[in-house]
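Under our numbering, the first residue of the sequence shown carries the number 1, and numbering increases by one thereafter.
Beta carbons: idealized from backbone N, C-alpha and C, even for Gly.
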Amino acid sequence: MKDFQMKAEEKDERKDDTKKMKPPQKFGWIEGVLVRSAMSIFGVIFYLRLTWVTGQAGILLASGIVIVSSIIALFTALSLCAICSNGRIKGGGPYYIISRSLGPEFGGSIGIIFSTANAVAVGITISGFAETLNEVLKSYGVVFIDGGINSVRVLSWITEVVLFIIVITGVNFESKTQLVLMTVAVASVANYYIGSVLKPTDSQKARGMTGYKMSTFSDNMLPNFRGESLSTIFSIYFPAITGFLAGANMSAGSTVLRDASGSIEDIVFGNLSACNESCKYGLLNSYQVIEMEGGWGPLITLGIFAASLSSALAAMVSAPQIFDAVAKDKIFPYLEVLTSVPSGKGKNHPKKALFLTFCIAALIIAIGEINSIAPIITNFYMASYALINYACFDASFAQSPGFRPAFRHYNKWISLLGALICIVLMFYINWWAALMTTTFILLMYVYLVRRKPDVNWGTSSQANMYRSALQKILKLQNMPHHVKTYRPQFLVLTGSPVRRPALVDFVSNITKDSCLMICGHVVPGTVTERLIAAVDNFTQHMFKWLKRRRVYAFYRAVISSTLLEGAQSLLQLSGMSNLMPNILFIGYKNNWEECTLKEIYDYFQLIHLGFDFDKGVCILRLPQGFDISQLIDETRKTEMLHQTSDDGQNVWTAQSDRNLRKTSIQSAVSSDTDVFPNDLEYKNRCKFLSQNSEFDASSLDVNFSESIIDVINGKSIAPRTHPAVKSLRCDPGYESSIDEESIRDLQFEIVTSNVHKALGPRKKSTVLNRIKWKKKSTGASTQFDVFKTKIKKAVIDVWWLYDDGGLTVLISHLLTLNKSYLQGSKLRIFTITNCESKIEEEKQKLAEMLSKFRIEFSEVCVLPNLNTPPDSSVQEEFTKFIEKFLVPTVSTMDPSEPAFSVYTDETELTNMKQRVKFHTLRYLRIRHLLLDKSKTANLIVLTFPIPRKRGISASLYLTWLEMLTKDLPPILLVRGNQKAVLTFYS
């Protein structure tokens, strides 16, 4: 009974919430579109400045102004129809359209400009209302303040306050007000047409009205600029068409003189020739011509009031909406304060943005003159229209399948023409204002490009980027290879880049942003649905990780049961066209002698694979190694306390750090427990916590979510015995342990690298930074940023021992260029000769060759006596290594087993026409020279020998490499594929 009452109360609460939160007020196409757009035609410019424009520019040029403006409006309307019919358009007007089409960079700047233009439009329309009201008061002998510009300002501010109160009461009331005002405006326009065909009265004649006469038409045909120019006239008129696609009526130029004194005798006797400066009436001297021509003047006045107030209301409603839309997208950090939460009573107007609009309009009103205000917003509107047209052109030109507008009557070239017309007119009207507007847009663009807002709107810029990249790759496919255009392109077998950041960073120092780099990752396991989903998720995460680490590289993962099969897949499938790796880059296996025979065999065959696929091969060795897995695992054990319960079962508790509490749910799973469920629904809902900044445990199944909530609250659970986990273990489709281990590793690496938002913004809270801090506190060097910090006055020793096409020297040179940790370092080139008498000659030849290759070097050294026996200590060290793998004979072993390829015997070491022995002594002698000459270098680059296939054992070859690299600074072993990468010719 109690449960029933609780459910009933919850139901009542939901009903109350539904009543409180009403949906936002929406209008049909008549109230929301037709009324507001039509009232923009009958605006301040139409009533108060159209006749003045005709008087200044003449009927001919004024008609041209109207036609050009209408063409711009028509082209923009067609573009808008195409974009708007391509999907659902939300609030924000042109800002939403441009930002979702061209991206936040353009949309953000236009959002600011267009919302500001609408706020300025509030000022211009209210000023028009106040100007008319001031004239009406003066006609009745009432002088408000000074009867001039100050009167207009004060009346405008009073009117703005009234309109502000109307708008803040809700858009529903404002819409009803618009309907009333439109009725008055339509009546006033009809009244004007009626009055224009009636016979003028004496009072109208005295003010310059002649009725329709050919003489008046011809007199007003040509321009008569008085203190104005065509560009300023155009800028004053253009705001009249910003609300709708219609031209203005030009009949006033045929019925009214340009100048009139107000005396009927002056009209009759033709005494108007000298009244250009003193006449109060006529097209050039009075802004109330339309009122004078109307059948009943007061109705025209009411129309002016209705049009100006209606336009002001429309602008006061739209400007805050655009401000609010920009603020809600959070692309500008300091504009978020303008975002308003809907009240739930149909009043969804953003009050903070409305107040900002009010303040901007109040400042514009202080100008007090329409002719001075109108040019300010003309450039803003022109820039907005240019980008709207360009957005339509760009979306259509990108040929994206997603651009499928229902409106078919548009043309991308017409949209482009409209954009060009707007840009040309911007600079024609006022070049410095256009320059300022363009500069502002570019500054906002650069700011947003650098800020990189976290949005994904599917813009046409992305579609164009794809199309451009595709076309260039197709062209690149047919481009013949040439040594002058050679670029080293690396396939780096990093495994998980999170566990080998130093390897990624080193290759990035070579490639920078001008060469291809692919991080290859072989994920052990079988191709199952769950593992595929985990790899896909980890791949997306790696893109973010590489971007955050400022590494210009791709990440490619393959699922394979063995390392060699995965490496073969990567070597065959990585890249496309001419963007394919030509160098295989791997890390040196420091502990190879302690590995299993299978691991040694795989590593040895991996080197062979590089040469088999006609790639160059690079092997990098760090004294401390690359793999930080042990450090990560140690930190995992520290962060997640592994305890034992009273009954002896494994239990887990989340650590106390709030920033890691949510991610502890996933990272609490260590390698020695298999708590991860294989429930597909759980995978789809959680998505490993990597795609959601907040974890919602309530969205999971009830039984399993209880254990999640327990972990969040710090309570102990026994995951192996939890009923939800038990039921999952019984699932017949449960994957193998290797798949589970791979999934656990991938998930923990996501948590470790701290790209996920749930880890919090504090860098000190990340697992990697905890490891860094721990290592720094002990003074030990780490593998994290060893190749991130630039070394001043560095030295690179290049041991060019074999002719590999010049790859050894080229890579060394690339490491000395900008954006490298060895930028500006000195190159010392070492080579070896067997003839002591020709050392100087060989040295000079090598220096000349390097100069022809344009390789800067500080020293060239030619070393003799490689045939001299190495020191006994070096030989003893070699013997100590090789003894571990020395057997009496390998001929009796199974050739298909790894032992056959790994182990060596006395026959191999001493026979084969002394070739192996010769090379062994040679490499031991080189080791002695390396210790003597390059012990203090910052990096050693050495050309290493190619292993003969089925001609040398893995243990012997790896011992050679061990002797060449042990106890030395970071050393890079390089061997090209015998193709030239350097040339003398330009």
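Check the DSSP bridge columns for Arg524 and list the partner residues they point to. One detail in the question is off: residue 524 reads as Pro in this sequence, not Arg. DSSP lists Ser560 as partners of Pro524.
C-alpha distance - Lys345 paired with Leu313, whole-angstrom precision: Reliability of the predicted coordinates at Lys345 is poor, the pLDDT of 48 falling under 50, and the value obtained from them is presented with this limitation in mind. Lys345 and Leu313 have their C-alpha atoms spaced approximately 21 Å apart.
If you compare alpha carbons, which of Pro947, Gly93 and Phe106 is closest to Ile322? Shortest Cα-Cα distance from Ile322 to any of Pro947, Gly93 and Phe106 involves Gly93.
Taking the DSSP output, what are the residues bridged to Ala830? The identity of residue 830 in the sequence shown is Phe, whereas the question assumes Ala. Per DSSP, Trp799 and Cys861.
Buried versus exposed call for Gln5 [16 or more other C-beta atoms within 10 Å across all chains shown]: For Gln5, the predicted model reports a pLDDT of 49, less than 50, meaning its position is unreliable; a value from the coordinates is still stated below. The residue is exposed, with fewer than 16 neighbouring Cβ atoms inside 10 Å.
Output the boundary residues of the alpha helix (DSSP H) element that contains Phe427. Per DSSP, Phe427 belongs to the alpha helix (DSSP H) from Lys412 to Ile429.
I'd like the span of the alpha helix (DSSP H) that includes Arg467, first residue to last. Its alpha helix (DSSP H) spans residues Ser460 to Gln477.
Who are the near neighbours of Tyr96 in its chain, counting only those whose CB is closer than 7 Å to its CB and skipping five residues on each side? Answer for Tyr96: Ile89, Lys90 and Ala325, listed in chain order.
Should Ser468 be labelled buried (16 or more other beta-carbon atoms within 10 Å of its own) or exposed? Residue environment: Ser468 is assigned as exposed (fewer than 16 neighbouring CB atoms within 10 Å of its CB, all protein chains considered).
How long is the line joining the alpha carbons of Lys452 and Gln540, rounded to whole angstroms? Near 17 Å, if we compare the C-alpha coordinates of Gln540 and Lys452.
Give me the DSSP bridge partner(s) of Thr943. According to DSSP, Thr943 shares a beta bridge with Val974.
May I ask which residues mark the beginning and end of the beta strand (DSSP E) holding Phe490? Run containing Phe490: Phe490 to Leu493, per the beta strand (DSSP E) assignment.
Should Asn591 be flagged as near chain D, meaning a C-beta pair shorter than 7 Å? No chain D is part of this structure, which consists of one protein chain only.
Please determine, among Phe164, Leu606, Pro298 and Phe144, the residue with the shortest C-alpha to C-alpha distance to Tyr192. Comparing Cα positions, the closest option is Pro298.
Go ahead and label Ser623 buried or exposed: buried means 16 or more other beta carbons lie within 10 angstroms of its beta carbon, across all protein chains shown. It should be pointed out that residue 623 corresponds to Pro in this sequence rather than to Ser. A residue is called buried once 16 or more other Cβ atoms fall within 10 Å of its Cβ, and Pro623, having fewer, is exposed.
DSSP has Asp219 in a bridge; who is on the other side? None, per the DSSP bridge assignment.
What residues in its chain sit with their C-beta under 6 Å from that of Leu579, if we drop five residues either side in the sequence? Excluding residues within five positions, the ones whose Cβ falls inside 6 Å are Leu516.
I'd like to know if the region 826-845 and the region 877-896 are in contact, where contact means that at least 3 CB-CB pairs between them fall below 8 Å. Flag = no, the region 826-845 and the region 877-896 do not touch.
On the premise that Ala419 lies in contact with Asn389, defined as a C-beta separation below 8 Å, what is that separation, rounded to the nearest angstrom? About 4 Å; that satisfies the 8 Å criterion.
Here's the rule I'm using: 16 or more other beta-carbon atoms within 10 Å means buried, otherwise exposed. How should Gly519 be labelled? One detail in the question is off: residue 519 reads as Cys in this sequence, not Gly. By the neighbour-count rule (16 or more Cβ atoms within 10 Å), Cys519 is buried.
Beta-carbon spacing of Leu309, Leu181 below 7 Å: Annotated as proximal: Leu309 and Leu181, with beta-carbon spacing under 7 Å.
Take Lys328 and list the residues in its own chain whose beta-carbon comes closer than 6 Å to its own, dropping the five residues that flank it on each side. Excluding residues within five positions, the ones whose Cβ falls inside 6 Å are Thr339.
Are the CB atoms of Thr959 and Arg621 within a distance shorter than 7 Å? Result no, Cβ atoms of Arg621 and Thr959 do not sit closer than 7 Å.
State the beta-bridge partners of Arg500 as determined by DSSP. Looking at the DSSP output, Arg500 sits in no beta bridge, so it has no partner there.
Residue from Asp614, Pro501 and Asn371 with nearest C-alpha to Arg548: Ranking the options by Cα distance to Arg548, first place goes to Pro501.
By Cβ distance, which residues of its chain are closer than 8 Å to Val189, with the 5 residues on each side in sequence left out? For Val189, same chain residues with a beta-carbon under 8 Å away, outside a window of 5 residues either side, are Phe42 and Gly303 in chain order.
If you draw a straight line from the alpha carbon of Asp967 to that of Tyr923, how long is it in whole angstroms? Taking the straight line from one Cα to the other gives about 15 Å.
Counting C-beta neighbours from all protein chains within 10 Å, is the total for Trp773 16 or more, i.e. buried, or is it exposed? Its pLDDT being 49, under 50, Trp773 is placed unreliably in this model, and the value from its coordinates should be taken loosely. Of the residues assessed, Trp773 falls on the exposed side of the cut-off, its CB having fewer than 16 other CB atoms within 10 angstroms.
Using the C-alpha atoms, what's the distance from Ser872 back to Asn591? Cα-Cα distance, rounded: 24 Å.
Where the alpha helix (DSSP H) through Phe332 begins and ends: Per DSSP, Phe332 lies in no alpha helix (DSSP H) and is assigned neither H nor E.
Buried or exposed, going by whether 16 or more other CB atoms sit within 10 Å of the CB of Ser235? Ser235 is buried by the Cβ-count criterion.
At least three beta-carbon pairs within less than 8 Å, the region 805-814 to the region 852-862: The region 805-814, when compared against the region 852-862, does touch it at the 8 Å Cβ threshold.
For Val122, which option in Thr485, Gly368 and Phe397 has the closest C-alpha, if you only look at C-alpha atoms? Nearest C-alpha to Val122: Gly368.
Anyone know if the C-beta pair for Tyr486 and Val981 falls short of 7 Å? The answer is yes: Cβ separation under 7 Å.
Alpha carbon to alpha carbon, what distance is there between Leu571 and Glu565? Distance from the CA of Glu565 to the CA of Leu571, rounded to the nearest whole angstrom, comes to 10 Å.
If we count Cβ pairs, one from each stretch, closer than 8 Å, do we get three or more for the region 384-401 versus the region 71-83? Output reads yes: the region 71-83 touches the region 384-401.
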